[in-house]
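Each step along the sequence shown adds one to the number in full-length UniProt numbering, with nothing skipped, and position 190 is 190.
We put the beta carbon where it would ideally sit given N, CA and C, even for glycine.
Working notes, structure below.
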Amino acid sequence: MTSVPLPPAFLALPVAHRALHDRAAGVIENSPTAIRKAIAAGYAIEIDIQLSADGEAMVFHDEELDRLTGEKGWVKDRSAAELGQILLKDSSDPILTLTQVLKIVAGQVPLLIEIKDQTLTMSETDGRLEAACARALKGYRGDVALMSFNPHSVAHMARLCPDLPRGLTTSAYDPGEWAPLDPETCDRLREIPDYAPTFSSFISHEASDLARPRVAELKAGGAAILCWTIRSAAGEARARAVADNVTFESYPAALPAPG
Numbered sequence: 001m002t003s004v005p006l007p008p009a010f011l012a013l014p015v016a017h018r019a020l021h022d023r024a025a026g027v028i029e030n031s032p033t034a035i036r037k038a039i040a041a042g043y044a045i046e047i048d049i050q051l052s053a054d055g056e057a058m059v060f061h062d063e064e065l066d067r068l069t070g071e072k073g074w075v076k077d078r079s080a081a082e083l084g085q086i087l088l089k090d091s092s093d094p095i096l097t098l099t100q101v102l103k104i105v106a107g108q109v110p111l112l113i114e115i116k117d118q119t120l121t122m123s124e125t126d127g128r129l130e131a132a133c134a135r136a137l138k139g140y141r142g143d144v145a146l147m148s149f150n151p152h153s154v155a156h157m158a159r160l161c162p163d164l165p166r167g168l169t170t171s172a173y174d175p176g177e178w179a180p181l182d183p184e185t186c187d188r189l190r191e192i193p194d195y196a197p198t199f200s201s202f203i204s205h206e207a208s209d210l211a212r213p214r215v216a217e218l219k220a221g222g223a224a225i226l227c228w229t230i231r232s233a234a235g236e237a238r239a240r241a242v243a244d245n246v247t248f249e250s251y252p253a254a255l256p257a258p259g
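Below is the structure:
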């Protein structure tokens with residue numbers, strides 16, 4: 001098993017965080033409208049997936065429904081059909097499956113899929129969400145890459161989708177911000193020890209922590225460095241001193257000049 005490099009488009013096109021959303025305008029994160037707007041603008045897209053009760057990969061960031069919908073409770077307790085009937089707050093968009101999103105994107109722009117940690121402790125997963133992701137991606141034609149904060153998920157994807165690029169979403173792991181994740185796990189993950197064992201080819205690192213020596217070490221060794229989440233042109237300029245590309249929201253990141 002070997003790592004798979006990111007396609008060049010992932011380093012050329014800024015990545016719209018949870019697609020090109022604008023809640024004030026009724027365009028909600030990870031929604032079909034936000035995805036279509038990102039495609040129309042020519043950006044790469046980052047989305048998140050969670051698992052439904054019946055084993056479908058759903059495009060939704062949070063473990064719980066409360067923040068983004070009028071419903072309460074865990075995403076994992078609802079079937080894909082039930083989740084598909086729930087509208088995102090302040091919009092007429094429903095929650096989509098990954099399969100539905102892939103049909104919308106259809107290879108038009110690069111798609112970066114973050115597999116959300118199902119354990120809430122960054123521990124070994126049961127592999128159900130990873131398997132659902134792999135099923136949805138079977139036969140997909142277009143630039144796609146996979147990542148997760150949980151290295152166990154990335155290891156699953158190395159086995160399930162060995163031909164697709166994989167990476168780790170990484171952070172400074174301040175224990176105060178990551179509770180209830182225990183401090184010992186934060187200390188371990190902070191130094192990104194799982195990059196080589198998961199056959200990763202990139203990281204997407206917390207922008208405020210890009211000066212970490214381990215990031216420089218990985219870059220020197222050939223890792224592509226993405227970062228999250230940039231919210232201004234000035235922040236982008238600072239991040240690009242280290243990062244090869246940015247994941248952005250709240251401002252129009254500059255696209256490369258044609259040709």
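Problem - Collapsed DSSP secondary structure at Asp22 in the structure displayed - result: Here residue 22 refers to the residue found at position 22 of the sequence shown. Asp22: strand per DSSP, three-state reduction.
Exercise for the section: Let me know if Met1 comes out buried or exposed under the rule of 16 or more other beta-carbons within 10 Å of its beta-carbon. Expected result: Numbered from 1 along the sequence shown, position 1 holds the residue referred to as residue 1. Exposed.
Problem - Residues bridged to Ser204 [DSSP beta-bridge criterion] - result: Sequence index remark: in the sequence shown, residue 204 carries index 204 (1-based). According to DSSP, Ser204 bridges with Thr169 and Leu226.
Handout entry: Bridge partners - Glu46, DSSP secondary structure assignment
Key = Within the sequence shown, the letter at position 46 stands for residue 46. According to DSSP, which records beta bridges pairwise, Glu46 is partnered with His17 and Leu112.
Practice task
For the segment 33-98, list the alpha helix (DSSP H) runs that are entirely contained and at least 4 residues long, ordered along the chain.
Solution key: 80-84
Problem - Beta-carbon separation (whole angstroms), Arg18 vs Ala34, contact threshold 8 Å - result: As a working mapping, residue 18 is identified with position 18 in the sequence shown. As a working mapping, residue 34 is identified with position 34 in the sequence shown. Yes, Arg18 and Ala34 are in contact; Cβ-Cβ is about 7 Å, under 8 Å.
Handout entry: Separation of Pro193 from Ser232, as counted between CA atoms
Key = Numbered from 1 along the sequence shown, position 232 holds the residue referred to as residue 232. Numbered from 1 along the sequence shown, position 193 holds the residue referred to as residue 193. Straight-line Cα distance between these residues: approximately 31 Å.
Problem - Trp74 burial status per 10 Å Cβ neighbour count (16 or more: buried) - result: Taking the sequence shown and counting its residues from 1, the one referred to as residue 74 is at position 74. Classification for Trp74: exposed.
Problem - Cα-Cα separation, Asp187 to Ile47 - result: Here residue 187 refers to the residue found at position 187 of the sequence shown. Here residue 47 refers to the residue found at position 47 of the sequence shown. If you take the alpha carbons of Asp187 and Ile47, they lie about 27 Å apart.
Exercise for the section: State the start and end residues of the unbroken alpha helix (DSSP H) segment that holds Leu146. Expected result: As a position in the sequence shown, residue 146 is number 146, starting the count at 1. Not the alpha helix (DSSP H): Leu146 falls in the beta strand (DSSP E), residues Val144 to Ser148.
Exercise for the section: Using alpha carbons as the reference points, say which of Phe202, Leu164 and Trp178 lies closest to Asp244. Expected result: Counted from its first residue, the sequence shown places residue 244 at position 244. Answer by Cα proximity: Phe202.
Problem - Secondary structure of Val246, DSSP reduced to three states - result: One-based indexing of the sequence shown puts residue 246 at position 246. DSSP places Val246 in coil when its eight states are reduced to three.
Handout entry: Coarse secondary structure for Val101, derived from DSSP in three states
Key = Sequence index remark: in the sequence shown, residue 101 carries index 101 (1-based). Looking at Val101 - three-state DSSP - the assignment turns out to be helix.
Problem - Exposure label - Pro32; buried when at least 16 CB within 10 Å - result: By one-based count along the sequence shown, residue 32 stands at place 32. Per the 10 Å Cβ criterion, buried.
Exercise for the section: Name, in chain order, the residues that DSSP records as bridge partners for Val27. Expected result: Counting from 1 along the sequence shown, the entry for residue 27 is found at position 27. Paired residues: Asp22.
Handout entry: Proximity of Arg166 and Ser200 at Cβ, strictly below 8 Å
Key = Here residue 166 refers to the residue found at position 166 when the sequence shown is read from its first residue. Here residue 200 refers to the residue found at position 200 when the sequence shown is read from its first residue. In this structure, Ser200 lies closer than 8 Å to Arg166 by Cβ.
Problem - Inter-residue spacing [alpha-carbon to alpha-carbon] between Gly139 and Gly176 - result: As a first step, residue 139 is located in the sequence shown; it is residue number 139 there, counting from the start. As a first step, residue 176 is located in the sequence shown; it is residue number 176 there, counting from the start. Each residue's Cα considered, the two are about 42 Å apart.
Practice task
Output the boundary residues of the alpha helix (DSSP H) element that contains Met122.
Solution key: Residue mapping note: residue 122 aligns to position 122 of the sequence shown, counting from 1. That residue, Met122, is in no alpha helix (DSSP H); it is neither H nor E in DSSP.
Practice task
With DSSP collapsed to three states, give me the class of Leu137.
Solution key: Within the sequence shown, numbered from 1, the residue matching residue 137 stands at position 137. In the structure shown, Leu137 sits in a helix (DSSP, three-state: H, G or I).
Practice task
Determine, using beta carbons only, whether Trp228 and Ala207 come nearer to each other than 8 Å.
Solution key: Looking up residue 228 in the sequence shown gives position 228. Looking up residue 207 in the sequence shown gives position 207. Result yes, Cβ atoms of Trp228 and Ala207 sit closer than 8 Å.
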